[in-house]
Amino acid sequence: MYPAEFSYLRAGSVSEALDALADGESDDDLKILAGGQSLLPMMKLRLATPSVLLDIGGLTSLAAVDPEAGRVGALATYRSLQRDARLAGRFPAMADALSVLADPQVRARGTIGGAIAHGDPAADLPAVLLALDATLTVARSGGSRTVALDDFLRGVFDTDLADDELITEVVIPPAAAGQAYEKFEQSASHLPLAGVCAAVEVGAAGAITGARVAVTGVAGRVFRARAVEAALVGQEPVDAVLDGAAAQVRDGAPRPLEDIHASGSFRLHLAEVLAQRALRRALMRAGESSLQVSVTPSGG
Amino acid sequence: MAGQREREVIVEMTVNGSACRRVVPARTLLVHFLRDELRLTGTHVGCDTTQCGACTVDMGGVAVKSCTILAAQANGQEITTIEGLADGPIQRAFWAEHGLQCGYCTPGMVMAVRQLLADNPDPTETDVRDGLAGNLCRCTGYQNIVAAVLAAAAET
Amino acid sequence: MPGLLHAFVVRSPVAHAEITALDVSEAAGAPGVAGVFTAADMRDVGPLPGPPGLPGLEFPLLRAAGDRVRWAGEPVALVVADSAAKAADAAELVSVDYDTLPAVTDPVAAAAPGAPVLHAAAGGPGQFSAASGNVCFRERLTGGDADRAFADAAHRVGQRMVSQRVAPVALEPRGVLAQVIDGRLDVRIGTQRPHGVRTWLAGMFGLPAEDIRVVAGDVGGGFGAKGPLYPDQVAVIAAARLLGRPVKWIEERGESFLATTHGRDQVAELEMAVTADGRISAIRGTVHIGVGAYLTPNALSTARNRMGPLLGQCYDIGAVDVEIVGVLTNATPIGPYRGAGRPEAAYFTERLVDLVAGETGLDPAEVRRRNFISPDQFPFRTRTGLTYDSGDYRAALDKALESYRELRRAQAAARAAGRVAGVGMCCFVEPGGIMPGVHGDQATVTVDPSGAVTVAVGTSGHGQGHQTAFAQLAAELLGVPFADVRVVFGDTDTAPFGYGTFGSRSTVAGGSAVLRACEAVLAAARRVDAPMPLAEAARRLGGLSATAAADVTGETYAFGCYVCVVDIDPGTGRIRIDRVIAVDDCGRVINPLLLEGQVHGGVAQGVGQALFEAVRYDEDGQPLTASLMDYAIPSAKQVPVIESYRLETPSPLNPLGVKGMGESGTIGVTPAVVNAVMDALAPYGVRHLDMPLTPEKVWTAIHEAASV
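As given, the protein sequences belong to chains A, B and C, one line each in that order.
Start counting the first sequence at -12; every next residue gets the next number (this note's numbering).
Start counting the second sequence at 21; every next residue gets the next number (this note's numbering).
Start counting the third sequence at 864; every next residue gets the next number (this note's numbering).
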């Protein structure tokens, strides 16, 4: 309950923060403090013992959100994103995830950038961001780079973020309305045992022209279920196709996590069921009215 | 830069309308600052994983878990704890509906309910149970807490 | 508080080991540290009261080099510093070398030959020795002729069932603040038993009880686990005396999962003999209880007094032959947890009753009806030596099943629509009102000359609303306004002697004492020369006061019937509880709102055991669920709406006619949920699943059955 001692720095500007990060590379174990909803719990249990904390919470310029451009500042809190109707309108799958992640108090402090930087394999929002092909702007003293989220997330609490870097922005390209996020909770932590985001495009002829399906909670990092996607493109959005595609989720999936809460095979099974459900809801949103959609899928 | 390489910090904040200024170890959590420095012991610690919500306070107009905020992060902020709330429909409803037993979770519940009703003045039962996702109670089974929230919503 | 120090407990990180070295010197020299204590410093403190007749299993306070640790979390050393954070820092500097040993946490495995043995041979006539391995008690409960009943049985229905180890998780962790004030030991402690703590501390420290003050204050939940006195708390108190300064200790949540006593951990292999017309003629078998690394008095009484003898539940069962085996395991010691033996008994029996229904083709309600003790059989002496005071089990069942036909119709319709739906029930009895000692709890009623009334009781409420219930009682008995009555308890300096609050006892014991004390006050008031209101009599007499003890003659038996309706998502195995219908009969009711509150809270914990909660260890005895991230206590979304109903069959055993019921929710709902789930899964040919009924477990059962 009592973190180990550390030195505390508060950044007054983005450039101050980047300079501190650049300096910090040489000596101390320095960690960035944004909302603190991932880092502070680890420090309270002494699972993380940084010697320096750099508080960037005052950098309000990093919290700006421009829904039209799909640009979300890294310090935007989940709560601010949840309350932005324009964002919910453009990215309904994000609204889905925001409504089921953490709890209201944690959402008031937790930031989108913090979640991504933390690299928890059981986090809701990264599944949505991955399915929506999000990219990150990552800054360091002297420049910045753009990196696809898919390339940024590497493994369990392992990302591509260098010690002198700071995520400043998440950029989400325009997306069609056909998107949804489905979650199955671990009953104690309420983290996803499995979470699936489906984003689909339907052509004028009624066939699926594009599909992206991302899975979280199941493996060491959130992943795209490319075999599921391939089984959907060019097909009619009917039950047999959706369920047949969802069944491909195991194909090419990274090795699933196993713990006291669920075996790897059950996690993969949940991913299949959630894919069935996410696809149906995504298609409903896409306005595919010819599909007879039932709430419970035919399989499972 | 503020707080250059210091293991102690100066924190200045307004709590329940009163300004305060203290020097504390940087690692001081807001909940411990409120309880131990300011003697405001109505805010409680019930867990170590940011789940139970017994530590919920209002910071800058929004309900947050004070166990997962450093006092340093609250610098310059306005904080309201349970002691700073005037008697109102929420407390009255908790009493009338028997929405508390041991009372340990209650301050955090009241602060969370305050936020819930500010965001959604006319919640359904499902909205209420969702809105209490960040607050655990082991005594009441939540039923009378839900009844209290709905009663408070009806009164306001 | 000037001079206040803070303690941090250094605990064993391993489940079973010999301590080969213990060095506190670096910790003792750390910034802010006032002292570091180990077993050597506790030498003058007597042992914690253990179970009678079983010496050699005393619960040590702290450890030293050469000692053995027996569970992950066992207190080893105590660091005391001028801040909690510095005590935590210094604790990391305590150096302990552990020579690990194999560990065992499952009670049946621990009782088997070849299991790692926790305790060397101890004294005690015949009841515990190394030859017993880890078996620390073995008792056979017999009555009637079970062998004959089984020989004559038309059906024999048996099942292995587990009431899994769970953690109470009161929202306020344990703590203590100890200091010496004017030569007296002053202890602030989150306890359910302030007088008990005073008595135990007096014995351990060799002090007269009047030189100790124990104050419970506001206690943030207990559920039984704040009944015992713990070694870590005693070590803190000892440190305060040794240092001559106040010392405060508050348990962290992760710590509480290790250090606060757990509940249940019973494995039953039981079978029922059933006649051709569905009458249960006998129950026999074996129940193992994993008592943990040290045997607390309550673990013994849980199995021996509360589980075994209650296996008959509401039924007139002619014979019983059950062996109860207490087994030491490398796990947290078992203590009281809401129900403490009664939920286990209800679960084992009610699961078997449903299996009897399946075997005989009778409706589960009908099996129960055919076997109930009938109202004209009270007081009813069970084959297990208990005497039930009063009851009407059929009335409770009928009330709970008022809409049974509709529930079954709805189930059929749901099944026709491809859903997996179930209805389950549980009938139960709940003994309450226990008086652990010879003398009853006391109450002191005082009427000031101004007319204000103070009721001081020896029970020790922590959320049950005694301030309201006892005030109502006193106001009605004395004929004064409710608002003029104040209730106090929890401070041994101002509360008369009592056993505290646990085991559903306070309305019976405390209420009876309040009644007698009020009667005595009224009798004293009659000393005035003419009849007049009590307040006036008090004014004339310069105040009135009387102390009386509860004169309850036996335990009461509340009862009830709970019905659950569930719907299972076959795709994921997730269970949704659609209805909980709770019918409780606890005799006369003082405050229905308080009663319902107890039902709701108990149901939430009972649902927790059925669906979500389990303490788990790996094969080395490492705790796997020492966090709310892994141990799921239900949230608002996970607890269903509870429909609570009341019947009133008064108890003849106390002047109020009340029965204790605080644990009914936990006892009644768990079997009802499990029976409902098994009813839902019956079409898949699934006979039994152990709790918690997790989605994976349920889905796997459906999936494996469907693929056969």
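Backbone N, C-alpha and C define an ideal beta-carbon position, used for all residues, glycine too.
Straight-line gap, A1228/C to L1260/C (C-alpha atoms, nearest Å): Stepping through the third sequence from its first residue, residue 1228/C is reached at position 365. Stepping through the third sequence from its first residue, residue 1260/C is reached at position 397. Answer to the nearest angstrom: the Cα atoms are 8 angstroms apart.
CB contact check: A175/A to chain C, cutoff 7 angstroms: Translated into positions along the first sequence, residue 175/A becomes position 188. A175/A counts as touching chain C.
For V887/C, the nearest candidate out of V877/C, S1237/C, A903/C (CA to CA): Mapped onto the third sequence, residue 887/C falls at position 24. Taking only the C-alpha atoms, the option nearest V887/C is A903/C.
For G197/A, the first and last residue of its enclosing beta strand (DSSP E): Within the first sequence, numbered from 1, the residue matching residue 197/A stands at position 210. Run containing G197/A: 195 to 203, per the beta strand (DSSP E) assignment.
Continuous beta strand (DSSP E) stretch holding L40/A: start and end: Your numbering for residue 40/A matches position 53 in the first sequence. First-last of the beta strand (DSSP E) with L40/A: 39 to 42.
Any C-beta of chain B under 7 angstroms from that of S1293/C: Against the third sequence, residue 1293/C aligns to sequence position 430. Note on identity: in this sequence residue 1293/C is Glu, with Ser being the wrong assignment. No, E1293/C lies away from the interface with chain B (no Cβ there is under 7 angstroms from its Cβ).
Interface flag, T53/A vs chain B, CB-CB below 7 angstroms: Reading the first sequence from its first residue, position 66 is the one you call residue 53/A. Strictly speaking, residue 53/A in this sequence is Asp, with Thr absent from that position. Chain B contact via Cβ: absent.
Contact with chain A by A880/C, beta-carbon distance below 7 angstroms: Mapped onto the third sequence, residue 880/C falls at position 17. Chain A contact via Cβ: absent.
Whole runs of the beta strand (DSSP E) within the segment 1453 to 1527 of chain C, excluding any shorter than 3 residues: 1505 to 1510
Proximity winner among A1033/C, R1402/C, Q1485/C, G1117/C, relative to H1325/C (alpha-carbon distances): Looking up residue 1325/C in the third sequence gives position 462. Among A1033/C, R1402/C, Q1485/C, G1117/C, the Cα nearest to that of H1325/C belongs to A1033/C.
Neighbourhood of R66/A by C-beta, 6 angstroms cutoff - its chain only, sequence neighbours within 5 removed: Position 79 of the first sequence, counting from 1, holds the residue named residue 66/A. Once the five neighbours on either side are set aside, the close Cβ partners of R66/A are R94, A95.
Contact with chain C by M(-12)/A, beta-carbon distance below 7 angstroms: Taking the first residue of the first sequence as 1, we reach residue -12/A at position 1. By this cut-off, M(-12)/A is an interface position.
is_contact[R1116/C, chain B] using C-beta, thresh 7 angstroms: Sequence index remark: in the third sequence, residue 1116/C carries index 253 (1-based). Cβ-Cβ to chain B under 7 angstroms: yes for R1116/C.
Close Cβ partners of V1137/C (< 8 angstroms) along its chain, the five nearest in sequence each way excluded: Residue mapping note: residue 1137/C aligns to position 274 of the third sequence, counting from 1. Answer for V1137/C: A1016, A1017, H1018, R1019, V1020, I1143, S1144, V1219, E1222, T1223, listed in chain order.
Short CB-CB distance (under 7 angstroms) between L1407/C and chain A: Walking along the third sequence from the start, residue 1407/C turns up at place 544. Chain A, which has no Cβ nearer than 7 angstroms to the Cβ of L1407/C, makes this no.
Contacts that A948/C makes with chain A (C-beta to C-beta distance below 7 angstroms): Within the third sequence, the letter at position 85 stands for residue 948/C. Simply Y(-11).
Residue-chain proximity (F(-7)/A, chain C), Cβ-Cβ < 7 angstroms: The residue given as residue -7/A occupies position 6 in the first sequence. Not an interface residue.
Candidates G1053/C, V1351/C, G1465/C: closest to K1089/C by CA position: As a working mapping, residue 1089/C is identified with position 226 in the third sequence. Comparing Cα positions, the closest option is G1053/C.
Under the three-state DSSP convention, the category Q111/B falls into: Along the second sequence, read from residue 1 onward, the residue named residue 111/B stands at position 91. Three-state result, Q111/B: helix.
S1514/C beta carbon less than 7 angstroms from that of K1419/C: As a first step, residue 1419/C is located in the third sequence; it is residue number 556 there, counting from the start. As a first step, residue 1514/C is located in the third sequence; it is residue number 651 there, counting from the start. The identity of residue 1419/C in the sequence shown is Thr, whereas the question assumes Lys. Their beta carbons are under 7 angstroms apart, which means T1419/C touches S1514/C by this criterion.
Straight-line Cα distance separating G80/B from R73/A: For this step, residue 73/A is matched to residue 86 along the first sequence. For this step, residue 80/B is matched to residue 60 along the second sequence. Near 24 angstroms, if we compare the C-alpha coordinates of G80/B and R73/A.
Assigned exposure category for M1067/C - 16 Cβ within 10 Å defines buried: Indexing the third sequence from 1 puts residue 1067/C at position 204. Result: buried.
Against chain B: residues of the segment 31 to 51 of chain A by CB proximity under 7 angstroms: K31, L32, D42, G44
Residues that H45/B bridges to, as DSSP identifies them: As a working note, residue 45/B is residue 25 in the second sequence. Looking at the sequence provided, one finds Pro at residue 45/B rather than His. Answer by DSSP bridge pairing, in chain order: E28/B.
Where R267/A falls, given that 16 or more other Cβ within 10 Å makes a residue buried: The residue labelled residue 267/A in the question sits at position 280 within the first sequence. With 16 or more other Cβ atoms within 10 Å, it is buried.
Residue range of the alpha helix (DSSP H) that includes G1373/C: Counting from one through the third sequence, the residue named residue 1373/C turns up at place 510. Unbroken alpha helix (DSSP H) run through G1373/C: 1369 to 1388.
Pairwise C-alpha distance: V1099/C and L49/B: On the second sequence, residue 49/B is found 29 positions in, with the first residue counted as 1. On the third sequence, residue 1099/C is found 236 positions in, with the first residue counted as 1. One C-alpha to the other measures close to 25 angstroms.
DSSP-derived helix/strand/coil call for E175/B: Translated into the one-based positions of the second sequence, residue 175/B becomes position 155. Helix at E175/B.
Uninterrupted alpha helix (DSSP H) stretches inside the segment 203 to 258 of chain A (no shorter than 4 residues): 213 to 219, 226 to 233
Neighbour flag for C67/B against chain F, beta carbons, 7 angstroms: Chain labels in this structure do not include chain F; the protein chains are A, B and C.
Within chain C, partners of D150/B - CB distance below 9 angstroms: Stepping through the second sequence from its first residue, residue 150/B is reached at position 130. A1499, K1500, listed in chain order.
Neighbour list for L1341/C in chain B, Cβ cutoff strictly below 8 angstroms: Reading the third sequence from its first residue, position 478 is the one you call residue 1341/C. Chain B residues near L1341/C: none, gap ~25 angstroms exceeds 8 angstroms.
Reduced DSSP category for F1243/C - H, G, I as helix; E, B as strand; rest coil: Within the third sequence, the letter at position 380 stands for residue 1243/C. Here F1243/C sits in strand by DSSP.
Host alpha helix (DSSP H) of A28/A (start-end): Locating residue 28/A in the first sequence gives position 41, counting from the first residue. Rather than Ala, the amino acid found at residue 28/A in this sequence is Pro. 26 to 31 is the span of the alpha helix (DSSP H), which, as asked, contains P28/A.
Three-state class that DSSP yields for A(-9)/A in the structure shown: The residue labelled residue -9/A in the question sits at position 4 within the first sequence. The answer is coil: DSSP assigns A(-9)/A none of H, G, I, E or B.
Within 7 angstroms, strictly: CB atoms of S1507/C and V1462/C: For this step, residue 1507/C is matched to residue 644 along the third sequence. For this step, residue 1462/C is matched to residue 599 along the third sequence. Yes, the Cβ-Cβ distance between S1507/C and V1462/C is below 7 angstroms.
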